[in-house]
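Enquirer: All residue numbers for the sequence shown refer to the working numbering, where the first residue is -9 and numbers rise by one. Note that CB positions come from ideal geometry on N, CA and C, so glycine has one too.
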Amino acid sequence: MAVRDFINRGMIEGEAESLEPGQCIFRQGEEVAYLYLVTQGSVAVSHNTTGIDEQIVAPPDFLLGITDLLHDTYSFTAFTLEPTQLIKIKKEAVRKALHETPVLRLYLLKMMSWEASLTKMAFE
C-alpha cells in the first residue's frame, strides 16, 4: 500500500498542485508544513550550506520532504525542473496517519531509507 492509496481512501488528505519549471516547492530553513507526493515530473534539491545540487527524477509517488518529518524546518531547497504534478499533504496529517496505521509507518520508513540513499544531504 502506498501513500497515494491512503489519500484515495480518504485516510490522508492531500491537495493536487501543478507547478511549472523553475518553481520553488520549499526553501531550506522554512517551517515544515507540508510533504509533497511527486506524481509526475522532476525536482532538483540543493543544500545551501554544503552547496550540493543534485537532480532527482521523481519516480511515481516519490514523497519529497519525508526526511524532515520530525524536524521543524526543511533541510534543503526543492524546485521543479519541468512541469511537475504534486499532491501537497499537511505534515500533521501524515503524523496522525502514522500514529494510527502501522502499515503506513513501515512504508514511510522504507521511503525515508530510499530517499536518503538518493540525496547526499538528507541527514547532514
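Contact check, residue 34 vs residue 69 under 8 Å by CB: the rounded distance?
Expert: Yes, residue 34 and residue 69 are in contact; Cβ-Cβ is about 6 Å, under 8 Å.
Enquirer: So who's on the other strand from residue 4, going by DSSP bridges?
Expert: Paired residue(s): 79.
Enquirer: Among 7, 11, 18, 20, which one has its Cα closest to the Cα of residue 28?
Expert: If we check each option's Cα against that of residue 28, 7 comes out closest.
Enquirer: Can you tell me which residues form a DSSP beta bridge with residue 70?
Expert: DSSP, once it has assigned bridges, lists 33 as partnering residue 70.
Enquirer: For residue 96 versus residue 59, is the C-beta distance shorter than 9 Å?
Expert: Cβ atoms of residue 96 and residue 59: not closer than 9 Å.
Enquirer: Note the first and the last residue of the continuous beta strand (DSSP E) segment covering residue 15.
Expert: 14 to 16 is the span of the beta strand (DSSP E), which, as asked, contains residue 15.
Enquirer: What three-state label does DSSP hand residue 57 in the structure shown?
Expert: Helix.
Enquirer: Can you tell me which of the three DSSP states residue 97 falls into?
Expert: In the structure shown, residue 97 sits in a helix (DSSP, three-state: H, G or I).
Enquirer: Grab the span of the alpha helix (DSSP H) containing residue -6 for me, first residue to last.
Expert: -7 to -2 is the span of the alpha helix (DSSP H), which, as asked, contains residue -6.
Enquirer: Determine the burial state of residue 74: buried for a count of at least 16 other Cβ atoms within 10 Å of its Cβ, exposed for fewer.
Expert: Looking at its Cβ environment, which holds 16 or more other Cβ atoms inside 10 Å, residue 74 is buried.
Enquirer: If contacts are defined as beta-carbon pairs under 8 Å, then residue 16 and residue 55 qualify, I think. What distance do you get, rounded to the angstrom?
Expert: Contact flag correct, Cβ pair sits at about 7 Å.
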